[in-house]
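Accompanying notes for the structure given below.
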Amino acid sequence: MMKMKVLLLCFISTTLMMLLLSVSNAKAAGKPVMTCNPLELSSCADAILSGANPSATCCAKLKQQQPCFCEYVKKPNLKGYINSKNGRKVADTCKVPIPRCP
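Numbering (mature numbering (1 follows the signal peptide of the UniProt record, and there is no 0)) for the sequence shown: -30 to -1, 1 to 72.
In structure tokens:
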């Protein structure tokens, strides 16, 4: 249980740092700020890490963030969650297809 909490904390910390870097880079380049936010999927962490059933909130956020999956798969710290057995199980349960990314 402690290992799961540490993994979740690392996941959230890393994704927050990447998000902040992405936003600051987009602002510096004069680009509009991206709308993809992996932290929106934090409600899915328990289901992905433990294999539990996803909550309604998780499924709603998964549907909202689905267009961002290909972007997330390109990031080594997120790819494992999207492509994991439990990640795919959560997506299937929520009826959110994981796209084939180029």
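For glycine and all other residues, C-beta sits at the position ideal for the given N, C-alpha and C.
- Whole-angstrom distance between Gly57 and Asp16, CA atom to CA atom: For this step, residue 16 is matched to residue 46 along the sequence shown. For this step, residue 57 is matched to residue 87 along the sequence shown. Between the C-alpha atoms of Asp16 and Gly57 there is a straight-line separation of about 10 Å.
- Query: Under three-state DSSP, which class holds Lys49?
  - Reply: In the sequence shown, the residue the question calls residue 49 occupies position 79. Three-state result, Lys49: helix.
- Residue span of the alpha helix (DSSP H) that contains Ile18, given as start and end: The sequence position of residue 18 within the sequence shown is 48, counting from 1. Ile18 -> alpha helix (DSSP H) spans 15 to 20.
- Out of Leu32, Cys38, Ile52, Thr63, state which residue places its alpha-carbon closest to the alpha-carbon of Thr5. Start at 1 with the first residue of the sequence shown, and residue 5 comes out as number 35. When each option's Cα is compared against that of Thr5, the closest is Cys38.
- Item | Within 8 Å, strictly: CB atoms of Cys14 and Cys28 | Residue numbering aside, residue 14 sits at position 44 when the sequence shown is read from its first letter. Residue numbering aside, residue 28 sits at position 58 when the sequence shown is read from its first letter. Yes, they are a contact pair.
- Query: Relative to the C-alpha of Asn23, which residue among Asn53, Lys59, Leu48, Asn47 is closest?
  - Reply: Start at 1 with the first residue of the sequence shown, and residue 23 comes out as number 53. Cα-wise, what sits closest to Asn23 is Lys59.
- Message: Taking the alpha carbon of Cys64 as the reference point, which residue from Leu11, Ile18, Lys33 has its own alpha carbon closest?
- Response: To locate residue 64, count along the sequence shown from 1; it is residue 94. Comparing Cα positions, the closest option is Lys33.
- In or out: Lys44 buried (at least 16 other Cβ within 10 Å) or exposed? As a working note, residue 44 is residue 74 in the sequence shown. Looking at its Cβ environment, which holds fewer than 16 other Cβ atoms inside 10 Å, Lys44 is exposed.
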